[in-house]
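Note that our numbering numbers the sequence shown so that position 123 is 144, with each residue one more than the last. Just so you know, even glycine gets a beta-carbon here, dropped at the ideal spot from N, CA and C. Computed from a predicted model, the values in this text were never measured in an experiment. Here is the structure we will look at, set down as structure tokens.
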Amino acid sequence: MHIRPAELGDLDTLSQICMEAFNTALAATLSSEGCDTFRAVASPAALATRLAEGNQILVAEIAEQTVGMIELKAGRHIAMLFVSPSAQRKGIGKALVATALKLAKEPKVTVSASLPSVAAYHSYGFTLAGEIAESGGLIYQPMEVRLAEAH
22 MHIRPAELGD LDTLSQICME AFNTALAATL SSEGCDTFRA VASPAALATR LAEGNQILVA
82 EIAEQTVGMI ELKAGRHIAM LFVSPSAQRK GIGKALVATA LKLAKEPKVT VSASLPSVAA
142 YHSYGFTLAG EIAESGGLIY QPMEVRLAEA H
């Protein structure tokens, strides 16, 4: 597996991976508002805007095939972690999180984890950091990891 910074030419593929994973694991659990919000956030244009604003987006590749991504916002918040459904449970998410944590600029990294992803974030060393909340129809569990504690 190879992890590298995203380039503008990656964004269509990354958006497709986000949508495929979202539709597989989350879409059925959310309102139409939540689905619309996610589609807007995961669009290639939105990814390009956040990349231009300085967010770090990393791409995971296996045999030159893009299989996942993670976005690190302001060096302290994981905004998007998605792996192609066909490539899940192979350590790609864990490797992306570990790489993003190495790039963190703060001693604490946060994530607004979708409810189905809470167990995965627990396995990456994150702990609960507040009550389940909702924004734009997206339901999430605030979580955090202190970098000295990360695996």
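Worksheet item: In whole angstroms, what separates the C-alpha of residue 159 from that of residue 56?
Response: Approximately 8 Å, taken between the alpha carbons.
Item to complete: Compute the distance between the beta-carbons of residue 90 and residue 99, then report whether it is under 8 Å.
Response: It is not a contact, given that the beta carbons lie outside the stated cut-off.
Discussion item. Tell me the rounded alpha-carbon separation between residue 130 and residue 121.
Written reply: Straight-line Cα distance between these residues: approximately 10 Å.
Item to complete: Please confirm whether residue 45 and residue 106 have their CB atoms less than 8 Å apart.
Response: Against a cut-off of 8 Å, the Cβ pair of residue 106 and residue 45 comes out as a contact.
Discussion item. Residues in the same chain with beta-carbon distance under 7 Å from residue 67, minus the five sequence neighbours each way, listed in chain order, please.
Written reply: Correct list, in chain order: 61.
Fill in: Cα-Cα separation, residue 165 to residue 84
As the crow flies, the alpha-carbon of residue 165 is around 32 Å from that of residue 84.
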